[in-house]
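Structure record follows, encoded as structure tokens.
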Ligand SMILES: Cc1cc2nc3c(=O)[nH]c(=O)nc-3n(C[C@H](O)[C@H](O)[C@H](O)COP(=O)(O)OP(=O)(O)OC[C@H]3O[C@@H](n4cnc5c(N)ncnc54)[C@H](O)[C@@H]3O)c2cc1C
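Residue numbers (this note's numbering): 1 to 453.
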């Protein structure tokens with residue numbers, strides 16, 4: 001019998017975040033002032049959220065990405081900016097659990113558990129998704145490596161005390177030409193690095209989107225994460241975790257917007273009747289709720305697949321990261337039309353929260369691999385996926401774990417992350433058999449027809 005999750009971990013966090021109206025007002029003010037949500041992030045630290053960014057074997061909370069999903073969703077439902085700022089440390093630290101040695105993992109765990117932000121620095125001014133062309137160099141030096149170049153734009157580049165940094169150590173364009181480093185900013189010689197100014201943004205306006213430039217900064221050999229030349233591979237494995245969890249940002253944002261709009265349609269009286277009594281608004285709300293249920297299913301199965309179907313995550317993560325922001329962008333568009341002028345004005349109706357969540361969410365489909373980048377990564381696996389689909393084989397135990405929502409999953413085996421999935425995608429490959437079993441039990445008309453064969 002699988003162990004059940006603690007009941008509603010999100011309720012305690014929600015209580016800590018306080019009265020929703022007061023926090024909405026504060027969040028709107030921070031956005032207006034382009035001010036970092038420091039107090040909210042401190043509340044999350046006090047709650048112990050950073051412990052969920054550290055594997056249990058390094059002193060963190062029990063490994064459980066469904067639990068983390070529930071916590072992140074609670075925050076994202078209130079303020080996507082705060083969630084994006086705080087959650088970045090999960091992304092920044094994740095490569096250490098994958099490629100770091102025990103000393104690096106223990107040090108990073110201590111950093112994260114004390115509430116220090118860790119940034120994840122891949123992008124450069126001239127190279128975004130094209131990591132192989134990255135031009136920041138780490139040149140071998142008698143004492144270690146010398147860094148030259150810049151990373152930008154990077155979330156928490158300035159506030160972060162540490163960053164995981166991709167740098168070129170070999171031939172440009174070569175898969176083995178880059179290495180990953182764990183940089184402790186406090187250990188760098190002053191004058192060999194500088195923070196780049198905060199980049200003004202359309203959404204998530206208060207958070208620290210900035211950069212870092214190096215000019216001969218020296219790193220010790222011990223800063224190298226994994227063997228030299230394995231940086232790209234480690235990044236690709238790490239992105240499987242981070243892209244999967246990005247779906248939670250979309251889920252929380254969509255649920256926030258649905259709540260705002262549903263409340264409006266119930267309160268707004270038009271020609272003597274609440275707006276919600278009309279068929280069109282009801283159908284919009286119903287469709288958006290259904291799309292959010294689909295987003296939730298993708299996010300939940302994705303998060304649980306980190307544990308149960310780890311070796312398939314190269315597929316799962318690309319599907320989840322391209323699907324969730326796309327669905328939620330379309331939900332936000334439909335809800336904006338229904339909310340009308342209050343979806344656009346900044347000072348009215350729930351402190352202008354709708355236009356903020358819509359602006360904030362716009363970036364989820366851009367960072368950590370854009371939607372086209374994820375679709376392209378998925379398409380590269382199509383031949384193998386098509387072959388695996390014809391076999392109908394799937395990892396039944398892993399799949400059962402991935403869909404057993406509410407139960408404690410097995411700890412994450414980071415060594416099981418692979419660049420492409422050898423056995424395809426168990427979720428998809430199990431569908432024909434599932435459809436048959438549902439059909440045999442008298443499924444609603446049309447349901448079985450939706451399943452690929
Ligand atoms: C708010 C914010 C926070 C960010 N935080 C971080 C961070 O913490 N760390 C970090 O390293 N970076 C961060 N970034 C950078 C972000 O990840 C990059 O924007 C991303 O890498 C894409 O780069 P790009 O848009 O500059 O351009 P490019 O990668 O040059 O892309 C240009 C266009 O080409 C498309 N494209 C690129 N490659 C492909 C492909 N293979 N197939 C199909 N289409 C493709 C893209 O989708 C895009 O439409 C952040 C960006 C923002 C805006």
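We treat Cβ as the ideally placed atom computed from N, Cα and C, and that holds for glycine.
Remember, it's a predicted structure, so these values are computed and weren't measured experimentally.
The beta carbon of residue 120 sits closer than 6 angstroms to at least one heavy atom of ligand 1. The count of Cβ pairs closer than 8 angstroms, one atom from the region 179-194 and one from the region 211-222, reaches three, so the stretches are in contact. Contact check for residue 440 against residue 448 fails: the beta carbons are separated by 7 angstroms or more.
Counting along the chain, the unbroken beta strand (DSSP E) around residue 139 starts and ends at 137-141.
Taking the Cβ atoms as the reference, residue 317 lies roughly 20 angstroms from residue 291, outside the contact range of under 8 angstroms. Residue environment: residue 145 is assigned as buried (16 or more neighbouring CB atoms within 10 Å of its CB, all protein chains considered). Look at residue 181: its beta carbon is at least 6 angstroms from all of the heavy atoms in ligand 1.
It is roughly 11 angstroms from the alpha-carbon of residue 107 to the alpha-carbon of residue 97.
The Cβ atoms of residue 87 and residue 117 do not sit closer than 7 angstroms to each other. Here residue 238 is actually not in contact with residue 314; their C-beta atoms are around 12 angstroms apart, not less than 8 angstroms.
Comparing C-alpha distances from residue 243 to each of 377, 77, 344 and 111 shows the shortest one belongs to 377.
The straight-line gap separating the alpha-carbon atoms of residue 111 and residue 51 is approximately 11 angstroms. Collapsing the DSSP output to three states places residue 155 in a strand.
For residue 224, the three-state secondary structure derived from DSSP is strand.
The residues 9 and 10, in chain order, have a CB closer than 6 angstroms to that of residue 70 in the same chain once the five nearest residues on each side in sequence are set aside.
With a threshold of 6 angstroms, the Cβ atom of residue 128 counts as near ligand 1, since some heavy atom of the ligand is closer than that. Spanning the alpha carbons of residue 206 and residue 37 requires a straight line of approximately 7 angstroms. Within a 10 Å sphere around the beta-carbon of residue 253 sit 16 or more other beta-carbons, which makes this residue buried. Within the same chain, 132 and 133 come within 8 angstroms of residue 173 by CB-CB distance, once the 5 residues on both sides are set aside. Closest in C-alpha terms to residue 56, from the list 44, 436, 34 and 105, comes 105. A distance below 7 angstroms separates the beta carbons of residue 251 and residue 299. In terms of CA proximity to residue 190, 218 leads the group 302, 218 and 177. In the three-state scheme derived from DSSP, where H, G and I count as helix and E and B as strand, residue 304 is classed as helix. By the neighbour-count definition (other C-beta atoms within 10 Å, threshold 16), residue 282 is an exposed residue. Relative to ligand 1, even the nearest heavy atom lies 6 angstroms or more away from the CB of residue 389.
Annotation: the continuous alpha helix (DSSP H) that includes residue 314 extends over 313-339. Distance from residue 179 to residue 228 at the Cβ level is roughly 5 angstroms; contact confirmed, criterion being Cβ atoms closer than 8 angstroms. Assignment of residue 423 by DSSP, reduced to helix, strand and coil, places it in the coil class. Every alpha helix (DSSP H) of 4 residues or more that sits fully in the region 198-273 is shown, in chain order, as 231-267. When rounded, the separation of the alpha-carbon atoms in residue 72 and residue 301 is 16 angstroms.
Note that the C-beta distance between residue 203 and residue 362 is below 7 angstroms. Residue burial is scored here from C-beta neighbours: residue 264 has at least 16 other C-beta atoms within 10 angstroms and is therefore classed as buried. In this structure, DSSP gives residue 391 a helical state, which the three-state scheme calls helix.
Here residue 220 is exposed, its C-beta having fewer than 16 other C-beta atoms within 10 Å. Between the beta-carbon of residue 324 and that of residue 295 there is about 5 angstroms, and that keeps the pair under the 8 angstroms contact cut. Straight-line measurement puts the Cα of residue 416 at about 22 angstroms from the Cα of residue 379.
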